[in-house]
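Protein sequences, first through last, are from chains A and B. Just so you know, we're using our numbering here: the first sequence kicks off at 1 and counts up by one. Just so you know, we're using our numbering here: the second sequence kicks off at 1 and counts up by one. Presented below is the structure to which this report refers.
Protein chains: 2
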Amino acid sequence: MGLLVVGTVAFDQIETPFGKSGKILGGAATFIGLASSMLDVKTGLVSVIGGDFPQTYLDMLASKHIDVSGIERIENGKTFFWAGRYHNDMNSRDTLTTELNVLENFNPVVPAEWREPQILMLGNLHPLVQKAVLNQLNKRPKLVILDTMNFWMDHTWNELMDVLKEVDILTINDEEARQMSKEYSLVKAAKKIMEMGPHTLIIKKGEHGALLFNENSVFFAPALPLEDVFDPTGAGDTFAGGFSGFLAKTRNYSFENMKRAIIYGSALASFTVEKFGIERIAELTEEDLNDRLDVFKSLTNFDIELD
Amino acid sequence: MGLLVVGTVAFDQIETPFGKSGKILGGAATFIGLASSMLDVKTGLVSVIGGDFPQTYLDMLASKHIDVSGIERIENGKTFFWAGRYHNDMNSRDTLTTELNVLENFNPVVPAEWREPQILMLGNLHPLVQKAVLNQLNKRPKLVILDTMNFWMDHTWNELMDVLKEVDILTINDEEARQMSKEYSLVKAAKKIMEMGPHTLIIKKGEHGALLFNENSVFFAPALPLEDVFDPTGAGDTFAGGFSGFLAKTRNYSFENMKRAIIYGSALASFTVEKFGIERIAELTEEDLNDRLDVFKSLTNFDIELD
Chain A
1 MGLLVVGTVA
11 FDQIETPFGK
21 SGKILGGAAT
31 FIGLASSMLD
41 VKTGLVSVIG
51 GDFPQTYLDM
61 LASKHIDVSG
71 IERIENGKTF
81 FWAGRYHNDM
91 NSRDTLTTEL
101 NVLENFNPVV
111 PAEWREPQIL
121 MLGNLHPLVQ
131 KAVLNQLNKR
141 PKLVILDTMN
151 FWMDHTWNEL
161 MDVLKEVDIL
171 TINDEEARQM
181 SKEYSLVKAA
191 KKIMEMGPHT
201 LIIKKGEHGA
211 LLFNENSVFF
221 APALPLEDVF
231 DPTGAGDTFA
241 GGFSGFLAKT
251 RNYSFENMKR
261 AIIYGSALAS
271 FTVEKFGIER
281 IAELTEEDLN
291 DRLDVFKSLT
301 NFDIELD
Chain B
1 MGLLVVGTVA
11 FDQIETPFGK
21 SGKILGGAAT
31 FIGLASSMLD
41 VKTGLVSVIG
51 GDFPQTYLDM
61 LASKHIDVSG
71 IERIENGKTF
81 FWAGRYHNDM
91 NSRDTLTTEL
101 NVLENFNPVV
111 PAEWREPQIL
121 MLGNLHPLVQ
131 KAVLNQLNKR
141 PKLVILDTMN
151 FWMDHTWNEL
161 MDVLKEVDIL
171 TINDEEARQM
181 SKEYSLVKAA
191 KKIMEMGPHT
201 LIIKKGEHGA
211 LLFNENSVFF
221 APALPLEDVF
231 DPTGAGDTFA
241 GGFSGFLAKT
251 RNYSFENMKR
261 AIIYGSALAS
271 FTVEKFGIER
281 IAELTEEDLN
291 DRLDVFKSLT
301 NFDIELD
């Protein structure tokens, strides 16, 4: 297994100033898997769904060479459901409904043949669930990447600190980095957070791009300036999937290669926001991606020769 | 004259969570001139000061090869004075005092021998003052750059639109771009603003960097992630001075060269915020600047080879 992903497979219902999505496929693992599939990486999802989850969605994921055999179906349960409404600026949103459903008692089981993944991507879940997955592996992956959010900092701080000690790379947003470190400066925040376990940190700043830190270096990847952000849902997960997928494909975990990986993640995320949910990322071609990577090059690359 | 700068030379009094500055040298033209002086460009300032302005400040500027003979001294007047207090996040501030003093009746006179500058930088002033300077020139400069702010949009919209028609490059911040265009998306805002006159637009996003637009292209320059921002006063003007100074030095007005110019501007601005007022930028060496440019390279440059 190149990339083992643990995270939600869900229903989303989204309202934006541009319209309403109806009940559509969502979930962190879904976006991560679809992004990683663009990199031709053997990707397996560990998740849970209810009896109401359409087989067509699973077939679609499988058609992208995503292994869905680690997704447990609980026939008499209902799939995790989230509904939200974005404000006019598309940067803030209200959660209208959160129905945990089968996620409430999610007890992830990593299939026996997946227990030596190259990279493990622990999606935003209860830290004890993330830890339980780590404990099932036969040996430590080359890279363990963890995503989390303010909710787990508020309610399960000790458990989060415990799992964080076993993580290589943490991905969080800027406000969460400030909350976690109690530092306003993101540079100071990064230093404090890297003392909690991860040797590398990605701070996601939404429309303002992302920062990649390790002990000695920092790299900045911009977000693509867009005419319209149609639906930001899943952009952060797409970013994480592109990042981890690129590293799994290239099997090079140097900081220089992580720079490339973060640009792949940013490029893929710039597609996700163009349509509702997974619509755009699911129809993406390799040519689309390469064209977008060229745009990122011209957006940020410059040549200054110094004496 | 390589770079003709029209703008304020002033006293600032700044409070930050780190301390109080006392009454120190400030003003847009001061920062622009000091930044430009790092590029070995023949720079002249057109401004106005009162009888209370110390000769030592003028001597310091002159020692940096900035021509101060265009700064009018009104002996029985007082120098423009601004006092402000930054909040803990260093991103927002309260103005405590604004005393326009001699600026109230500022009637700029461009010295006869400066009337054919290569680049004209119109600092943030009343649009009629900016226009009056343009009208005094013997011929159109290679490049006219204008800075403005929300105050002039609120109070002198028609005059601003009038001078904007004669401008090549406008520099404003993100909120001002949104106000000016009535568009939230900065890409849409840029398109609308470039229909108002300037063929090129720089949108400054403070700690989130800056965007450079022309009709066909967009470039993004990050701000340097810093442990501490000590005093943001003058960062935008330093940026503008570095940008225009680099273009005046290289005499190349292509979009590719503007990319380099915006990186020079960002690098210089990253010094200004390290100390109060002009303190850091006035003591800067060429080696400091080159080292910082190297940091910007490693912060943003990546190599991705596509098939």
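Quick reminder that beta carbons are idealized off the backbone N, C-alpha and C, glycines included.
Residue i - containing beta strand (DSSP E), residue span
i        : result
Ile119/A : 119 to 122
Glu72/A  : 71 to 74
Ala10/A  : 10 to 16
Asp94/B  : 93 to 99
Lys23/A  : 19 to 26
Ile202/A : 200 to 204
Ser47/A  : 43 to 50
Ala112/A : No beta strand (DSSP E) contains Ala112/A, which DSSP labels as neither H nor E.
Arg85/B  : 81 to 86
Asn216/A : Counting along the chain, Asn216/A falls outside any beta strand (DSSP E), and DSSP gives it neither H nor E.
Asp147/A : 143 to 147
Val6/B   : 3 to 6
Terminal residues of the alpha helix (DSSP H) in which residue i lies
i        : result
Asn150/A : 150 to 155
Asp237/A : 235 to 250
Ile262/B : 255 to 272
Ala132/B : 127 to 136
Lys275/B : Note, Lys275/B: premise wrong, no alpha helix (DSSP H); not H, not E.
Thr285/B : That residue, Thr285/B, is in no alpha helix (DSSP H); it is neither H nor E in DSSP.
Glu175/A : 174 to 181
Leu224/B : Run containing Leu224/B: none; DSSP gives neither H nor E here.
Asp59/B  : 55 to 63
Leu103/B : No alpha helix (DSSP H) holds Leu103/B; DSSP gives it neither H nor E.
Leu186/B : 186 to 194
Any C-beta of chain B under 8 Å from that of residue i
i        : result
Ile193/A : no
Asn354/A : Nothing can be reported for residue 354/A, as the shown portion of chain A is limited to 1 through 307.
Asn88/A  : yes
Leu226/A : yes
Leu308/A : Because chain A spans 1 through 307 in this model, residue 308/A falls outside it and cannot be assessed.
Phe18/A  : no
Pro222/A : yes
Lys297/A : yes
Residue i and residue j closer than 8 Å at C-beta
i        : j        : result
Gly209/A : Ala223/A : yes
Ile169/B : Pro198/B : yes
Gly281/A : Phe296/A : Correcting the residue identity first, residue 281/A is Ile in this sequence and not Gly. Not in contact: Ile281/A and Phe296/A (Cβ atoms no closer than 8 Å).
Asp174/B : Leu186/B : yes
Leu212/A : Met258/A : yes
Gly70/A  : Val41/A  : no
Leu120/A : Leu39/A  : no
Val144/A : Glu166/A : yes
Ile263/A : Leu293/A : yes
Leu314/A : Val6/A   : Lying before the first or after the last residue shown, residue 314/A is absent from chain A, which here runs from 1 to 307.
Ala269/A : Phe239/A : yes
Val48/B  : Ile74/B  : yes
Trp114/A : Gly44/A  : yes
Lys78/B  : Gly123/B : no
Leu226/B : Val273/B : yes
Met149/B : Met180/B : no
Leu146/A : Val163/A : yes
Any chain A beta carbon closer than 8 Å to residue i
i        : result
Ser270/B : no
Thr300/B : yes
Ile304/B : yes
Lys204/B : no
Asp174/B : no
His208/B : yes
Phe243/B : no
Gly219/B : Note on residue identity: the sequence assigns Phe, not Gly, to residue 219/B. Yes, because at least one Cβ of chain A sits closer than 8 Å to the Cβ of Phe219/B.
Lys78/B  : no
Discussion item. Pairs of beta-carbons, one from the region 55 to 68 of chain B and one from the region 289 to 301 of chain A, closer than 8 Å: are there three or more?
Written reply: Cβ pair count under 8 Å is below three, so no.
Worksheet entry | Validate contact between the region 76 to 89 of chain B and the region 5 to 22 of chain B using beta carbons, cut 8 Å, 3 pairs | A contact exists between the region 76 to 89 of chain B and the region 5 to 22 of chain B.
Worksheet item: Do three or more CB pairs link the region 275 to 288 of chain B to the region 212 to 221 of chain B at distances below 8 Å?
Response: With fewer than three CB-CB distances shorter than 8 Å, the region 275 to 288 of chain B does not count as touching the region 212 to 221 of chain B.
Practice prompt. Mind checking the region 247 to 264 of chain B against chain A and listing, in chain order, the residues whose C-beta falls within less than 7 Å of any C-beta there?
Written response: From the region 247 to 264 of chain B, only Lys259, Arg260, Ile263 have a Cβ closer than 7 Å to chain A.
Practice prompt. Would you check if there are 3 or more beta carbon pairs closer than 8 Å linking the region 97 to 107 of chain B to the region 29 to 39 of chain B?
Written response: The answer is no - the region 29 to 39 of chain B does not touch the region 97 to 107 of chain B, with fewer than three Cβ pairs under 8 Å.
Worksheet entry | Short-range partners of chain B found in the region 177 to 191 of chain A, where Cβ spacing is below 7 Å | Listed by position, the residues of the region 177 to 191 of chain A near chain B (Cβ gap below 7 Å) are Tyr184, Ser185, Leu186, Val187, Lys188.
Worksheet entry | the region 24 to 45 of chain B: positions lying closer than 7 Å to chain A by Cβ | Residues: none.
Discussion item. By the 8 Å beta-carbon criterion, what residues does the region 274 to 293 of chain A contribute toward chain B?
Written reply: Sequence-ordered contacts of the region 274 to 293 of chain A with chain B read Asn290, Leu293 [C-beta pairs closer than 8 Å].
Discussion item. Can you pull out the residues from the region 126 to 145 of chain A whose beta carbon lies closer than 8 Å to at least one beta carbon of chain B?
Written reply: If the cut-off is 8 Å between Cβ atoms, the region 126 to 145 of chain A has nothing near chain B.
Worksheet entry | Any 3 or more C-beta pairs closer than 8 Å across the region 15 to 26 of chain A and the region 243 to 252 of chain A | With a cut-off of 8 Å, the region 243 to 252 of chain A and the region 15 to 26 of chain A do not count as touching, because too few Cβ pairs lie within range.
Fill in: Short-range partners of chain B found in the region 146 to 167 of chain A, where Cβ spacing is below 7 Å
Of all residues in the region 146 to 167 of chain A, none has a Cβ within less than 7 Å of some Cβ in chain B.
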